[in-house]
Amino acid sequence: AFKATISPRIVDGEIKLDNIKYTDEDIKNINRIHIIACGSAWHAAIVGKYVIEDYARIPVEVDLASEFRYRNPILDKNDICIIISQSGETADTLAALREAKRQGIRILAIVNVVGSSIARESDDVLYTWAGPEIAVATTKGYSTQVALMYLLAMKFGQARGYLSAEEVKKLTAELELVPGYIEKLLTMDEELKELAKAHAHANDVFVIGRGIDYAVALEGSLKLKEISYIHSEAYAAGELKHGTISLIEEGTLVVAIATQDPLYEKLVSNVKEVKARGAYVVAIAKEGNTEIAEVADKVIYIPQINDKFTASLNVIPMQIFSYYVAIERGCDVDMPRNLAKSVTV
Ligand code: F1P
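The UniProt record's numbering puts the first residue of the sequence shown at 262, with every later residue one more than the last.
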């Protein structure tokens, strides 16, 4: 009764999204994409905006599902809507889907739970196959949503003539290195545990980044908030001087994500700005980018990878750090207070 459930995959450098019925002509005719979601799925949507706009040159609007239906959204018949939800049951996300449907636009769902309400009510579905998400705070659900954003962006980019089959082949080969890199990052456990011990009693933590790193900063900051109950904020690093910089005091922990090559120098400058106000800075940078080590107090290196795919790697040290901070503070990591796995009211 449910839509076909074939995994999205890469075969010999070709992206196979067999579940969706979009022809190249359909993809060429897309006027605008609205990606709608809540929480971590909304952060995956922001990654999607950066990647789809760059690879496929389609304008993307990212909406919070909890706001969408209250703002009289303008949808064109050639727009499509992508709904992202791990559970496929989040009430606000389902309500947003129904609003988009009422306006007659085509809906593509990205969900984890097969046969969930959002999957059933959408025109097309891509399943993330993250497996059961046991803990309330999502981790692998987010990572698989981000991976699907990359695949869709490349698929759309190729159909619209912005990426050649050869370029897609090269990109997918790089994407296939991501699982191995994640394994490698998971071995940084001890280092992050020590860091978490040292900062487990911080009052405020700021996470900064630019471009896709900003989307990851939002997700990293949310992980810390939801499982360790430390107040944390994410800022686009360029916004610091528009107010946030006043909040930096002696010893404030700032995590600076600096893995976008063209923006690296700018991040190094932002680190200098917060250091000058007394911040303790932990930077996340690509291996080989050592300039930041001269200004930050500690650097966590991720493997060298295309800027777009960094979102799959940056988030790992943030998740592990949040996990150890929560343990250190005696919090229930799997079942944080006041949260539910799927928010249905
Ligand atoms: C959205 C979400 C999750 C979060 C928590 C509450 O859920 O905000 O991102 O971790 O579980 O709900 P979903 O629509 O992706 O299932």
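A virtual CB, placed ideally from N, CA and C, is assigned to each residue, including glycine.
Asked, Found
"Spatially closest choice to Leu508 from Thr433, Glu494, Gln521, Ala519, by CA coordinates", "Glu494"
"Buried versus exposed call for Arg359 [16 or more other C-beta atoms within 10 Å across all chains shown]", "exposed"
"Within 8 Å, strictly: CB atoms of Ile371 and Asp340", "no"
"Cβ separation of Val321 and Ile345, assumed to be a contact under 8 Å, to the nearest whole Å", "Their Cβ separation, rounded to whole angstroms, is 12 Å, which puts Val321 and Ile345 out of contact at 8 Å."
"Rounded straight-line distance, which links the Cα of Ala457 to that of Glu487", "15 Å"
"Ile395, buried or exposed, once every other Cβ within 10 Å from all chains shown has been counted against 16", "exposed"
"Start and end residues, alpha helix (DSSP H) containing Leu412", "401 to 420"
"Whether Ile469 touches Val515 by CB criterion (8 Å)", "yes"
"Test item: CB-CB of Tyr442 and Ile561 under 8 Å", "no"
"Pair within 8 Å by beta-carbon distance, Phe329 and Val439", "no"
"Where the beta strand (DSSP E) containing Arg363 begins and where it ends", "Taken as a continuous stretch (DSSP letters only), Arg363 belongs to no beta strand (DSSP E), being part of the alpha helix (DSSP H) at 352 to 363."
"Residue of Ala459, Gln521, Asp558 minimising C-alpha distance to Val535", "Asp558"
"Buried versus exposed call for Arg270 [16 or more other C-beta atoms within 10 Å across all chains shown]", "exposed"
"heavy atom of the ligand F1P below 7 Å from Val375 C-beta", "no"
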